[in-house]
Structure formats: structure tokens, C-alpha cells
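If you're matching them up, the sequences are chains A, B and C in order.
FYI, in my numbering the residues of the first sequence are 1 to 358.
FYI, in my numbering the residues of the second sequence are 1001 to 1506.
FYI, in my numbering the residues of the third sequence are 2001 to 2369.
The C-beta atom is built at its ideal place from N, Cα and C for all residues, glycine as well.
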Amino acid sequence: MPSPPDLDTSLTYCTYCPKLCRHTCPVSNAEAKETLTPRDKMATMRLLRRAEVPQTVEQSEPLYGCTGCGACTDFCLHKVEPGQALLRGRAEAERDGRGHPALRDLAARFTAKSTEAARRARAGVSQDKRPTEAQIAFFPGCDAPELAPTMLSLCDRIGAEYVSLADGEHGCGGYPLFAAGQFDAFRLHAERMSRQLAGFARVVVNCPACVWAMRTQYREFGVPLAPAVEHTSEFLEGFVERLPIERRRAAAFYQDPCYLGRWLGVYDAPRRLAKKAVDDVREFSRARNEAECTGGGGLLPTTMPDTAHAIAEHRLTEVRQAKVSTVVTSCPTCKRQLDRDDVHAVDLIELLDEATRK
Amino acid sequence: MMPGRVSTTVPDRIAYARDLWPRGLITLSGGNPAPHQPDAVVWPVSTEEVQDIVRAAARTATPIVPFGAGSGVCGGTLPIKGGIVVDLKRMRAVVEVDAVAGAATVEAGIIGEHLEHELNRRGFTLGHFPSSIMCSTFGGWLAARSAGQFSTRYGKIEDMVRRVSFVDGRGELHSVDASGTPDITQWIVGSEGTLGIITRATVTVRPSPERQLYRGWSFPRVASGCEAIRRLLQRNLRPACVRLYDELDSFLHRGEKDHDEGVPESSGPEAMLEQYLSMLTPTGKSVIGEWKRRAIALALNRPELVNRVAGAVLPYAQKGCLLIVGFEGDKGLCEAEARAATVELERAGGRDLGEGPGLRWLKHRYAVSFRMQKVFDAGAFVDTMEVATSWDKLLDLYRAVREAVSPLAFIMAHFSHAYVDGCSIYFTFAARGANTADAERKYDAIWKAGLTAVTKAGATISHHHGVGLSKAPFMPEEHGAAMEIYRALKNVLDPSGIMNPGKMGL
Amino acid sequence: MSEQTGDGGQAGAGGGGGDGNEAPFWADRLVHAVGAAHVMSENGRALVRPGAPAELVDVMRIAGEVGAAVGIGLGAHNAGGIDVDLSRMCNVLYLDETSLTVTVQCGITVEALEHALGERSLTLGAALPPWSRTRTLGALLAAPRASEASPRTGRFLQSCIGVQALLPDGTEISTRLAPRKATGPDLMHVVLGGRGTLGILSAATVRVQRRQESRAAAAFKLPTLPAALSTARKLIVVGGRPADLAVSGTGTLWLEVDGPAALVAAEVALAERIAREHGGEPVPQTPPPRIKARPHERAVPLETVDSAVLASSLVGDSVRVIAWHPAGACVVDSARAPEPPPADAPALVAALKRRLDPNGRLVAWPGAV
């Protein structure tokens, strides 16, 4: 894939573009508002930088109407990345004191959530699964620490007893800080994680956004990370022919997480795994690189909670039309976004755990 | 009323202060992002809310500008008198697809690509593929008489309409049927928000094509290419698409690195913009040779000279005009039509270039719109003039517009949207001003010269972009005394004059 | 006399005029305008036959000055006013064989126009029913009937690409000719279908067709009427464009196709495939029996073709579904009397009428003015 143009060029391209990617943007589709089309968000950022509009909190708000899903980039002939550029815009807003009001105490909340997640993950796992160094360790992420014991017992069943918990003070890779444009805090956290994970050779991370942040952005911020980082689905794919399947679900849709799919290019591994545990894996009419976001990225649930909910509801339309009650995904954020009373969202780990239990 | 769906914030007012009128982009590049801001933006979710908004506005004589996705290129949605922008994109339901009767009832605010996607899921197509399909709405298409790239087969949007519902300038809801006497749908379609707000419509849809056959052909001259198209259509063939690029347009299509003869790198006028781009950014990736680059640099500054040279030399210097012809639909019909077309095009002097150019066009046909950006930022501008006339006047029209515009801008054309009785010509022109004011002056002068020539040639000033603000001054000449009918319609449907005021030459 | 609306009905209010058997006092002025041979006046009303647009303009001006109502195609019904008969305005003004359009004065009958076109191997193309052949072009365009449509050309008035007309105040308009436009509402659609109340059509430009390379006809017998209707509808929906298509009340489907030989064969094959899908069989093609007198007609949208046809209680030999086009068809019943003209103009038409013709000058919409 060609690399995106530099930031100034990207902003200019977008400013003069006829909003060609707007139909892919989950936020502007949900809000139906020109201000939130990728073109206008980028144009706003450019106008702010050129001081051609008021430098206010209100004027900066559109920069936060983005989940970072990358659907717009996939469609763009120039491969402009609003999902990345706007985070730079958020950083500039933070710097100038016009950041989003809902993110003001984010750093503190982040630390609390990250350490709580680590504590919960540890609590569910026996002492012998918590070494400080190992070949392969599992890092569940801050949205679903409860998956730690599930994953480790699944690993036991498929002959990967050697996988242990990536134990430590923090349970999050830091994507939320990055998405908030709080780059200094993100760098500090990356350094912390770099130390925390130094003893492992490979870390299997279940949050696609953090896989992406740890793989690509730590380096961008000059922070080395010793272990190789991979996503749960990439790791489990190695066992796909050896899964001791005991039971299968009848039908389920598969939801491509944006960071796993568009940003990391992993489409087939989770599907191959899901097909082992589900008779009929349904595809959304927009799937793989065209998959629609579920609204959970980019801190949208914090900055625009109603919009985030509306995006997820839209994504569920096809599931409900098809009268299917399960969506399999491989992202704790997508799971949280899509889980309803009538539609059950299941993480790939849970699905495989259930399918392989005697 | 409508909690959370009314806004008066600065960012929203700025975002709704522009559309894609290239003159606005010139202004924008001059550092003035939002000269025409609305006082408020509202997002109704139902017809009743639309009625409430219009009634309230009528009581207070507040202007209303109906808004789809703002992709118009004529300033039609600019709130030049302030007031309320009514954004319809939250009214976006595909209400019903009647598979048996081939009809879909759809709310106005749905984005075109979303509509086509929903129809495709059900095994149907609207057959309407404007290059703005990603960034325009169904309601916008109806309001401005949009044409898709396959209009030759499926018709323009006004040809597909079976029923239209709209709220007039008094807040009254009407639902009119195309089989009515008179056909009131045709009063509303094309009214660009001056008579009311279209809220939903029922249109003809077709089963998704079983087969698509696209080929490229080469013709020695524009005239012989046009003649071939005319003969195809008058022999009862209905290609989905026919596009004939004139000598210069074909020439610029042809990158040196292209192996297929006469194959467009991309489609339509974007080819020229591609050349522009590579010239304006010497470091940019470019497929053009240095001499071509120099020719285009010259073109920007001395358009007349280059147009004349190009007109005189090109027909001899290179390999003629490229024609793309595509058929689609039922497998048997499509294949039979393609066979018959081959016979006809060979008889008309065409040379078959094979499937390559056709498929390439099909693949890249939306690429045009990605090419504009840098042109504007560099102080230059580009715009398109889509006019139409009957076959007997077509080449006269082509020459008249070229002659009128050549002294002012670099101009090229392709012929698309062909019908049994005539065809449209899509001119692309580009020029550069010394500064913003100069660019605006030049821009206005080009349009005036071009459209005056069009009217004089007996053709229509717009085939599918509409009128809006930019062509409003030319409406009296276009319609003559019949403007009285338009004014009467306005008076009946919008007695307080609040609907999109200042547009369409009313 | 020439009929423009063809619907007769009662006249609206007349303007000034004399009483008893006298010619109206303004008859002389009409004689001056169009010549004595073309004015008949009695009982306070007049019948005039203008021979040119300028004469029509004069008639309209005189009517305005004396306050007489003008009716077109009303026959004897326009009491106290002026009946205009356009039968002398029947010239072909311009035949554009390149664009395949003809500009012709609206007093010409379909028969005469087809005759003129036939000399150049041209035809109107739309498969018009035989009972429309004596109508004038003006009548077809101003008071269209459901039966005047075909799969290829749609409703006949969709063949019209431009008009010359007089508005009620005498203003002459001439719409710009182009295959398609995007310059606001299509203003000619105020006069087309306006039944002469919003303006008088003096000339129109309509599309014509050249005789095609080959032509074929086919017929299929379907097991039931609904199966035949579904076959016809499916053919239309998938994009078949026969020149003519009809379904009989007993379930026979006829079609005619023309064009290049390859296309003609493919169109017939497509029809056969769809007919077989519905349980049909090809049968020897004999032209459907000609309906001589004007039958009862009813427009039905494609959505409800089956229910609309089956709802007509006496489905049998007298019923036929013709004039199929992309949005609908027409049910004709030769056993029933022609339907009466519509009683009222739609509210929007009436409102526009008040605006364009505040004095009620044009009176052709029966019962509406």
C-alpha cells in the first residue's frame, strides 16, 4: 500500500476534495452532518492551523468525531489518513488548551482503568501462570481482562500450556492516550509498558487497537519494545487444524475489527477460526476492508456516546434482518459496542473456549 | 422542536457555507472559507418535521435552503440570504423495494452509494451512477435532474421517477404521480429547492445486470465518432454507456507508459487534471513527458495559442478519438446488442481496441474527482460545462463553445449521455488567475462566453449539473417567455418566497 | 372538427357575447383576423380556424379584449365564447432526419402525420392504438390517454421534447430543444396534459423512428391471465423493449420487436424464456383482433397490474392489457363505453390555473373551470 502524503498535503487534498469518502465514515453517516465528514474534519483542522477560524473548544470538537476506523483511507485514491491526521489535530488542541471537555481527566481515568484491568486479569489466573518472563504471554487489554483465564484454559486445551499471563501493573497498551492526542502521556505509558513487558519474547494482545499502537506507534515515539506483538487471532490461527471441537453454533456474523482488518491487514485468521466453531459464518454486506466500524474507536464512546451507540445500532441492522442472534468478533471494543439483549456479541476467545469444552 | 437536531454553532455554520462550486473553491483558496453562512442548520427525521420547519419559516419569512450532501457545482445550496439549511440526510430509509414491479420508494436524504448498495443487496440496481455517487443524495439527484454515467440505458433521474412527495413553501405535503395529467413530477424534479423540499420518491429499478460488456473503439475524428454513436442509438441499441473523447481529451488520456493503445489511465477530464497535477508538482509521480508538460504549462498561460495548435495538429499528430461503449443487463440481450454494435461501429469506420480500454474505464470511472485538489490550491481552477443539443446541431455546438472559450482557457471535451435524438457535450476547461480576484474575473468571463455561445447555438445550458447560482443569469435566455410559467409555479407553491431564494434566475 | 382534448363535456363559463341567434358583436374582428371562410358564428359564440400561429395570437388577443372565453376542442360546448379549431394548423415545420425528430403544428392528426413520416420511412414509433389515429397531435399531448404508450417509448407524451404554445394571456412560449435538460422544472409539462386550460399548444417537437433492419412478432399462450400478466411485467422489468406488447383477457401475449437482427432474435428468445417460466408455450402468431371503436380504458401502475385487471369483473375476450411501459399499462375493455373525462383538475393544477389565467380565459377542462 502506498504511504500517505505528508500532513500538509493531506489536509490540502481533503480541503479541496468533494467529500468522496464521506459515505464510508461511520460518524458522518450516523450524524448526517457535513461538519463531521472526513473532508470537513480535515478542512477544520487546516483552518485551525491557518488561524482562519476561531481557536475555540467548540471549533475543535469536530476533530474528535472520528473512530479512526480508516474506512475513508481505504477509499481514498491518495491514501490520506484522516484517522491519523486528526489525532495530530487533537494533540494540537490539547496543546492549546482547546481539547475535548470529556477528555480533560482522561489520563487519571486511564491509569485507574489500566491498573484495575491488570488487577482483574491477575485475579483470575493462578500463580504459576503469572511469570515475569516467558516465551509467550497473553495480554487481554483493558476492555476485557476477564478473558485472561478463558484464554489460558483454551491454550491448555489446544496444547499451548506454555502461554502465560503478561502480568504487571498496567493492563492497557495505551491506545486511549494516543487517540486522545495526549501524546506525552502516551509516550510515558509506552515506556512503562516497554519495561513491564521486557521479559517476554512474544506478547499476544487481544485488543486490535493496542496491537496496532504497540507494533507501530511505540516505535514512532522512539520507544523500543522487546517482545513481538501479535493479535490473539494470529496466534490461535497456528492451532486451527488442532482445535478439539466439541460443539458448534449454528450461525453467526463475523465483525471485522477496524484495527485488525484495515490497519493490520488480518482478515482471514479470525474467519478460519470462527468457521471451526460456527456452522454458518455470515458475512456483512460490507465486510473485510469495507467493514463498517462499530463506533468504539477513537474515544468516540466518551466524546460522543449517543453517536457511538447509533453507529453500533446501524451495524446491527443486517444481523437483525437476518434473524441471527450472534456476532463473533475479535476485539473487546467491538464486542462491547455490539452486545445487546437480542444479539449476543462473542469474542473469538469465548467462542473457541465454548466450542472446545468437553 | 427537534431537540439536538438544530444547530447554530460556528463550526456547523462554516461547514454548510460551501458546496463544490469551483468559484467557491477559488474564494476558499484565497483564504475566505465561508462567505455565505446560514443562521441555523436543522436535521428533520420525518416529513412532519419538514412541514413544521417550513411553516415556521414561512411565518417569519426566513429563507430555507434544502440540503442533501452539498456536492453541487453551481452554488445551488449556498445560503446566500442566510436563513435555515434543512439537511435531509436523516431521512434516508429505503422504504420499499417492489421486486415484482421493479420499483423502489426511497427517502430523499440517502447517500447515493448507500442506496445503490441497499438495492444491490436485494438484487437490483438503480442504474444511476453519477461520479458524485459517493457524496450526493437521492433527493439532490431529483432536485437537480442528475444524470449517471449509464444514462443512455437507464435514463436520467427524471426518466426513472414514478412518484414524488414534496413539502411546498407553505408547508403543505403533496404526493404526485408521473402518470398524472399533467405530469406534476416534472414540475418538481429539477426545481432545485425553489418550489419545495422533496421528501421521498418512487423510482424504477432494474435487476442487477447479469452481464457487462465494455470495449474501446478508435475513430479518426470527433465527427465520425459522433456519427457512430448516433447510428447505434437510432438502430434501437441501448448501450449503458457511450463516451467519446475529443482529440485533445483522447491525447491527454494517453500516457507514454500505457501499453494498451489509446487506453485511458483514468477516465474523463481527470486525465487533464492529472497532467495539471504533475505539472504543478514537479516532484509528483508523473507519466507524462517533458514536452507534454511544457505544452500544458504554455496552455495555462496562453490558452488560445495552444488550443489553436492542438486543434490543428492533433488530429494528424496522433491516433484519433477514443470511444468507450458498454452494454449490460440480461445476458442474452446484452450479448446480442454488443454483437450488433460491433457490426455497426465497424461499418461507421471505427477500429476495435478490445475490452481493455472499456474495462479500464469501468474500473477507474470515479477517479476523476480525486484529481481536483491541487489544481485549486495552486491558484488555478478547473470546471466543467455540460451542455446538450440535438444531433444535427451537435458539432456546431462543439465548435462554437470551443471558439468562445479558447481565448480564455484551456478546453477539451468528451461526448457522453447520448440519446436517440441528441447528445450532451462535457467540456472541461482550466485556467489560472494572477490572484484570487483575477481568477474570479476570468472564471466569470469564461462562463459568460461559453454559455452565450451555447444559447446562440440553440442548445441547453445544462444537461445535468443544474443551474443554482452560477447559471441563474442565463435562465431568461434559456427559457424565454416560458420563465413566466416558472414564476407562476413559484408563486403558487412558495408564495412567501422563502424557498432557496436568489437561485435559478427567478 | 378537430378535437384537442377529445373529451367533450360541458363548457365552463363563457365570456361576453351576444344573445339569441345573433352573431356575437366581436365576430367581425375574428373575420378580420383569420378570414371569413374560417369563422362561423351564431348564438353568441364563434368557431374559428386560425391557419397560423400569428392568427392564433390575434384570436387570443381579441378574446382578451372582448372578454370571451376560449375553448379548444370543445365543439359546441363553449357557450358565449370562442371555439378554436386548429385543423388548419397541420404543417410539418421541420423534419430533422439526423436527430429523428419532427416539429409539427398541433392540428395535424396522427393519421396525417404518420402518412407524412411514412414517405421518409419514418414513423412515430410509439405503438398508438387505432382509435387514437384520428386524434390530433395536440389532443395526444394535451389530453393523453392511458392507451397511448409503448414499452420502448413510454407514454406518448414522453416522445415530446419541446413545444410552442400560447399562455392564457397570449404570451407565446417556445421551449428549448434538447434531448435532456437540467435547467429547472420541465416547463412544457404545464401545457402537456393541461387539457388546454393552462395554454394552447400550437406546435410540438416529437421523436420519430426510422424503419428498422428487421422486425419480428411472436405470441405465447399462458395457462392463466395472471401468468400472462406476470410474463409481460417481467419482460418489462428485466429490460425488454419490444415495439409493442399486449396481453389478452384469455392469457395470450403478443409482442413485436424490431432493430438489428441479432437483437430482434434475442428479444424474442427472452420473451419465450420468461413465458416458459410462467408455463407458457409459443403459439402461431396472428395479429390480435383489431378493436375498432374506442374502448373503455384504465391506467394501471405496474405494481398493481394483476389486482387491477382481475378486479374488473368481466374478464374475458373483451378485455386486453396494452400500452405496457416501464411504469404501468392500460386495461382496455371493448365491451364497455369509454370512460368519462376527469371531473376535476388536480388542486395544484387549479391553483396554477388561477395564477396563469386569473380571468378564466381558457376553458377546456370540463367541469374544472
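**Message:** Using only CA atoms, which one of B:E1344, B:P1044, B:E1158, B:R1092 lies nearest to A2261 (chain C)?
**Reply:** Position 261 of the third sequence holds residue 2261 (chain C). Relative to A2261 (chain C), the option among B:E1344, B:P1044, B:E1158, B:R1092 whose CA is nearest is B:E1344.
**Item:** Under 7 Å from the C-beta of P1182 (chain B): neighbouring residues of chain F
**Value:** The structure shown has no chain F; the protein chains it does contain are A, B and C.
**Item:** Buried versus exposed call for D347 (chain A) [16 or more other C-beta atoms within 10 Å across all chains shown]
**Value:** The count along the first sequence starts at 1 and reaches residue 347 (chain A) at position 347. Residue burial annotation: D347 (chain A) is buried, with at least 16 other C-beta atoms found within 10 angstroms of its C-beta.
**Request:** Could you check how far apart the C-beta atoms of V2206 (chain C) and C2160 (chain C) are, in whole angstroms? I think they sit under 8 Å.
**Result:** Here residue 2206 (chain C) corresponds to residue number 206 of the third sequence, with the count starting at 1. Here residue 2160 (chain C) corresponds to residue number 160 of the third sequence, with the count starting at 1. About 5 Å separates the two Cβ atoms, so the contact holds.
**Prompt:** So, L2235 (chain C) versus L2356 (chain C), is the Cβ gap smaller than 8 Å?
**Reply:** One-based indexing of the third sequence puts residue 2235 (chain C) at position 235. One-based indexing of the third sequence puts residue 2356 (chain C) at position 356. In this structure, L2356 (chain C) does not lie closer than 8 Å to L2235 (chain C) by Cβ.
**Request:** Can you tell me which of the three DSSP states A185 (chain A) falls into?
**Result:** Along the first sequence, read from residue 1 onward, the residue named residue 185 (chain A) stands at position 185. In this structure, A185 (chain A) counts as helix in the three-state DSSP scheme.
**Request:** Go ahead and label A1040 (chain B) buried or exposed: buried means 16 or more other beta carbons lie within 10 angstroms of its beta carbon, across all protein chains shown.
**Result:** The residue labelled residue 1040 (chain B) in the question sits at position 40 within the second sequence. Classification for A1040 (chain B): buried.
**Asked** Leaving out the 5 sequence neighbours to the left and right, which residues in its chain are closer than 7 Å to C66 (chain A) when beta-carbon positions are compared?
**Response** Working through the first sequence from its first residue, we reach residue 66 (chain A) at position 66. If we look at C66 (chain A) and ignore the five residues flanking it on each side, its Cβ neighbours are V27, K41, P82, G83, L86, G298.
**Endpoints, the beta strand (DSSP E) within which Y254 (chain A) is located** = Numbered from its first residue, the first sequence carries residue 254 (chain A) at position 254. Y254 (chain A) -> beta strand (DSSP E) spans 249-255.
**Asked** Hey, would you say V2208 (chain C) sits closer than 8 Å to G2125 (chain C), going by beta carbons?
**Response** The residue labelled residue 2208 (chain C) in the question sits at position 208 within the third sequence. The residue labelled residue 2125 (chain C) in the question sits at position 125 within the third sequence. In this structure, G2125 (chain C) lies closer than 8 Å to V2208 (chain C) by Cβ.
**Prompt:** Would you call F2025 (chain C) buried or exposed, if buried means 16 or more other Cβ atoms sit within 10 Å of its Cβ?
**Reply:** For the purposes of this step, residue 2025 (chain C) is taken as residue 25 along the third sequence, with counting starting at 1. Result: exposed.
**Prompt:** Distance, Cα to Cα, Y1154 (chain B) vs M45 (chain A)?
**Reply:** The residue labelled residue 1154 (chain B) in the question sits at position 154 within the second sequence. The residue labelled residue 45 (chain A) in the question sits at position 45 within the first sequence. Spanning the two alpha carbons is a distance of roughly 41 Å.
**Message:** What ranges does the alpha helix (DSSP H) occupy inside the region 1110-1144 of chain B, keeping only unbroken runs of at least 4 residues that lie completely in it?
**Reply:** 1112-1121, 1138-1144
**Asked** Given a limit of 7 Å on CB to CB distance, which residues of the region 1015-1037 of chain B reach chain A?
**Response** A1015, Y1016, L1020, L1025, G1031, P1033
**Asked** Mind listing which residues of the region 307-320 of chain A have their C-beta closer than 9 Å to chain B's C-betas, in chain order?
**Response** E318
**Message:** Let me see if you follow: with CB-CB separation under 8 Å, is V1010 (chain B) close to chain A or not?
**Reply:** Taking the first residue of the second sequence as 1, we reach residue 1010 (chain B) at position 10. Yes, because at least one Cβ of chain A sits closer than 8 Å to the Cβ of V1010 (chain B).
**Item:** Rounded straight-line distance, which links the Cα of L165 (chain A) to that of E230 (chain A)
**Value:** On the first sequence, residue 230 (chain A) is found 230 positions in, with the first residue counted as 1. On the first sequence, residue 165 (chain A) is found 165 positions in, with the first residue counted as 1. Using only the alpha carbons, I get a separation of about 14 Å.
**Item:** Where C331 (chain A) falls: helix, strand or coil (DSSP)
**Value:** Against the first sequence, residue 331 (chain A) aligns to sequence position 331. Looking at C331 (chain A) - three-state DSSP - the assignment turns out to be coil, as it is neither helix nor strand.
**Asked** So with Cβ pairs under 8 Å, would you call N1491 (chain B) a contact of chain C?
**Response** In the second sequence, the residue the question calls residue 1491 (chain B) occupies position 491. At least one C-beta of chain C is nearer than 8 Å to the C-beta of N1491 (chain B).
**Request:** Indicate whether at least one CB of chain C lies closer than 8 Å to the CB of I1188 (chain B).
**Result:** The residue given as residue 1188 (chain B) occupies position 188 in the second sequence. At least one chain C Cβ lies under 8 Å of I1188 (chain B).
**Prompt:** For V1405 (chain B), which of helix, strand or coil comes out of DSSP?
**Reply:** Working through the second sequence from its first residue, we reach residue 1405 (chain B) at position 405. V1405 (chain B) falls in the helix class under three-state DSSP.
**Prompt:** What residues match up with E363 (chain A) in a beta bridge as DSSP calls it?
**Reply:** This structure cannot speak to residue 363 (chain A), because chain A is shown only from 1 to 358.
**Request:** Compare the C-beta of I2082 (chain C) against all C-beta atoms of chain B and say whether one is closer than 8 Å.
**Result:** As a first step, residue 2082 (chain C) is located in the third sequence; it is residue number 82 there, counting from the start. By this cut-off, I2082 (chain C) is not an interface position.
**Request:** Would you kindly report the start and end of the unbroken alpha helix (DSSP H) that includes Y1443 (chain B)?
**Result:** Taking the second sequence and counting its residues from 1, one reaches residue 1443 (chain B) at position 443. 1436-1456 is the span of the alpha helix (DSSP H), which, as asked, contains Y1443 (chain B).
**Residue from A:P54, A:C72, A:R130, A:E220 with nearest C-alpha to S437 (chain A)** = Outside the modelled stretch of chain A, which goes from 1 to 358, sits residue 437 (chain A), for which no answer is possible.
**Request:** Would you kindly work out how many angstroms separate the C-alpha atoms of D341 (chain A) and S325 (chain A), rounded to a whole number?
**Result:** As a working note, residue 341 (chain A) is residue 341 in the first sequence. As a working note, residue 325 (chain A) is residue 325 in the first sequence. Looking at the two C-alpha atoms, the distance is approximately 9 Å.
**Prompt:** Does the beta carbon of E81 (chain A) come closer than 8 Å to any beta carbon on chain B?
**Reply:** Walking along the first sequence from the start, residue 81 (chain A) turns up at place 81. Chain B, which has no Cβ nearer than 8 Å to the Cβ of E81 (chain A), makes this no.
**Request:** Check the Cβ of N1435 (chain B) against every Cβ in chain C and list those closer than 8 Å, keeping chain order.
**Result:** Residue mapping note: residue 1435 (chain B) aligns to position 435 of the second sequence, counting from 1. The contacting residues do not exist; N1435 (chain B) stays about 32 Å from chain C at best.
**Message:** The alpha helix (DSSP H) that contains K1490 (chain B), what's its start and end?
**Reply:** Within the second sequence, numbered from 1, the residue matching residue 1490 (chain B) stands at position 490. K1490 (chain B) -> alpha helix (DSSP H) spans 1483-1493.
**Prompt:** A32 (chain A) versus chain B: which residues are under 8 Å apart at the beta carbon?
**Reply:** Locating residue 32 (chain A) in the first sequence gives position 32, counting from the first residue. A32 (chain A) reaches chain B at W1043, D1087, K1089, R1090, R1092, G1109, counting residues in chain order whose Cβ is nearer than 8 Å.
**Message:** Helix, strand or coil, according to DSSP, for M2188 (chain C) in the structure here?
**Reply:** Here the question's residue 2188 (chain C) lines up with position 188 in the third sequence. Helix at M2188 (chain C).
**Request:** Measure the Cβ-Cβ separation of L2117 (chain C) and L2157 (chain C) and say whether it is below 8 Å.
**Result:** Within the third sequence, residue 2117 (chain C) is the residue found at index 117, counting from 1. Within the third sequence, residue 2157 (chain C) is the residue found at index 157, counting from 1. Contact: no.
**Message:** Let me check understanding here. Comparing Cα to Cα, which of A:N29, A:A355, A:L300 lies closest to T333 (chain A)?
**Reply:** Translated into positions along the first sequence, residue 333 (chain A) becomes position 333. For T333 (chain A), the nearest C-alpha among the options comes from A:L300.
**Prompt:** So which residues of chain A does G1070 (chain B) contact, with C-beta pairs closer than 8 Å?
**Reply:** Within the second sequence, numbered from 1, the residue matching residue 1070 (chain B) stands at position 70. Within 8 Å Cβ-Cβ: K19, E34.
**Asked** Looking only at C-alpha atoms, which of B:V1097, B:T1428, B:C1074 sits nearest to A1144 (chain B)?
**Response** Working through the second sequence from its first residue, we reach residue 1144 (chain B) at position 144. Among B:V1097, B:T1428, B:C1074, the Cα nearest to that of A1144 (chain B) is on B:C1074.
**Message:** Going residue by residue through the region 1325-1394 of chain B, where are the continuous alpha helix (DSSP H) segments of at least 4 residues, counting only ones entirely within it?
**Reply:** 1331-1347, 1355-1364, 1373-1377
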